[in-house]
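Q: This structure is in structure tokens; I'll ask about it shortly.
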Amino acid sequence: MLKDITLGQYFPGNTPAHRLDPRTKLLLVVLYIVGVFSAKFVISYGVMILTLIVCARISKVGARAMLRGLKPVLIIIIFTGLLNMFFTPGDPLLSFWIFHISRQGLRLAVFMVLRIMLLITGTFLLTYTTSPIRLTDGLEQLLNWMKRIHVPVHELAMMMSIALRFIPTLIEETDKIMSAQKARGADFESGNLFQRARAMLPILVPLFISAFRRADELAVAMECRCYHGGEGRTKLSPLRYAGRDYFALAAGVCLTAGVMVLGYFGF
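The sequence shown begins at 4 in the working numbering and counts up one residue at a time.
This is how it looks when you write it as structure tokens:
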């Protein structure tokens with residue numbers, strides 16, 4: 004189950020998606036999210052699904068990797084769909100006990116599940132095709148104007164980069180601890196929900212200790228390399244927009260505007 008968590012992982016490549024400027028990809032993700040939330044009907048969701056498929060093909064990130072990222076949140080997706088299906092008022096289709104399935108509830112449940120799946124898989128493409136360092140540089144450049152109001156943009160971008168970088172490391176560390184506990188006779192799969200949660204306590208303590216130890220080692224390493232924030236720092240590879248970035252942004256704006264127009268006219 005832990006190996007299915009792909010958040011923060013980067014798949015190196017030389018595709019057009021990998022070569023895009025990280026600022027362009029961040030803006031495209033924002034436009035994509037706006038488009039997903041603007042979709043209200045079948046045609047709009049079809050356009051967003053087709054967009055996601057095209058982006059996945061361009062980035063050459065396998066469908067298996069994208070679907071694997073949905074497994075950790077599968078329970079949340081199903082629970083959200085059931086809540087919308089059973090507790091949305093409307094034209095009744097089926098009733099039993101305290102549950103009532105309406106036509107509007109069934110439609111809303113399907114669209115809500117699609118929306119969550121599109122949001123997760125679409126935003127995961129950002130980390131799949133962008134290294135943490137370039138993602139940090141892109142975010143810092145986009146939010147550079149906030150420095151005028153004394154917002155620590157560089158520090159915030161660095162914190163996000165470090166968090167994304169260490170998610171796969173912590174997952175691997177958790178898997179090792181669980182394997183060691185199982186070798187000593189621990190059982191994480193039997194019993195009810197509360198018993199399983201209690202069985203996870205022996206994992207949390209060594210995991211927190213390992214996380215704090217890694218954080219301390221990282222802080223010492225940054226101090227030894229004379230890191231004192233972003234003031235006066237130069238970039239080894241400065242970010243520059245190319246023609247493909249402007250084309251991608253124009254396509255993203257047109258797509259989002261098209262989805263909003265489809266929603267306005269009821270398609």
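Don't be surprised by glycine CBs; every beta carbon is placed ideally from N, CA and C.
Is it buried or exposed for Y244, if we count other Cβ within 10 angstroms and need 16 for buried?
A: Y244 should be labelled exposed.
Q: In whole angstroms, give me the CA-to-CA distance for D24 and S193.
A: If you take the alpha carbons of D24 and S193, they lie about 48 Å apart.
Q: Please report the residue range of the beta strand (DSSP E) in which H21 lies.
A: Premise fails: H21 lies in the alpha helix (DSSP H), P19 to R22, not in any beta strand (DSSP E).
Q: Going by DSSP, what residues sit across from H103 in a beta bridge?
A: Bridge partners of H103: S98.
Q: So, V116 versus I152, is the Cβ gap smaller than 9 Å?
A: For V116 and I152, no; Cβs fall outside 9 Å.
Q: Touch check for the region 136-144 and the region 162-178: three-plus C-beta pairs under 8 Å?
A: Because the criterion of three Cβ pairs below 8 Å is met, the region 136-144 and the region 162-178 touch.
Q: Assign L31 to buried or exposed, taking buried as 16 or more other Cβ atoms, counted over all protein chains shown, within 10 Å of its Cβ.
A: When all chains shown are included, L31 counts as buried.
Q: How close, in whole Å, do the beta carbons of S41 and G266 come, if the pair is a contact with beta carbons under 8 Å?
A: Their Cβ separation, rounded to whole angstroms, is 5 Å, which keeps S41 and G266 in contact under 8 Å.
Q: How far does the alpha helix (DSSP H) with E192 in it reach, from first residue to last?
A: Careful: E192 lies outside any alpha helix (DSSP H) and carries neither H nor E.
Q: Report the residue from G93, G108, D94 and F89 whose alpha carbon sits nearest the alpha carbon of I101.
A: Answer by Cα proximity: F89.
Q: With a threshold of 16 other CB atoms inside 10 Å of the CB of D219, please say whether the residue is buried or exposed.
A: Label assigned to D219: exposed.
Q: At which residue ranges does the region 34-119 contain complete alpha helix (DSSP H) runs of 4 or more residues, listed in the order of the chain?
A: If we require 4 residues or more, the alpha helix (DSSP H) runs fully inside the region 34-119 come out as 45-62, 66-71 and 77-89.
Q: For V223, is the classification buried or exposed, using 16 other Cβ atoms within 10 angstroms of its Cβ as the cut-off for buried?
A: Exposed: under 16 other Cβ atoms inside 10 Å.
Q: Should L221 be labelled buried (16 or more other beta-carbon atoms within 10 Å of its own) or exposed?
A: The residue in question, L221, is exposed, as its Cβ has fewer than 16 Cβ neighbours within 10 Å.
Q: Tell me where the alpha helix (DSSP H) around R247 begins and ends.
A: Start and end: G246 to Y267.
Q: Considering only C-alpha positions, which residue in the set G38, V64 and T18 is nearest to G261?
A: Nearest of G38, V64 and T18 to G261, Cα basis: G38.
Q: Have a look at I123 and E143 and give me their C-alpha separation to the nearest angstrom.
A: For I123 and E143, the distance between alpha carbons rounds to 23 Å.
Q: Measuring only the C-alpha atoms, how far is F268 from T27?
A: The alpha-carbon atoms of F268 and T27 are separated by roughly 29 Å.
Q: When the Cα of H21 is compared with those of L128, R67, R168 and G232, which residue comes out closest?
A: That would be L128, whose Cα lies nearest to the Cα of H21.
Q: Between the alpha carbons of I46 and L109, how many angstroms are there, rounded?
A: I46 and L109: Cα-Cα distance of roughly 17 Å.
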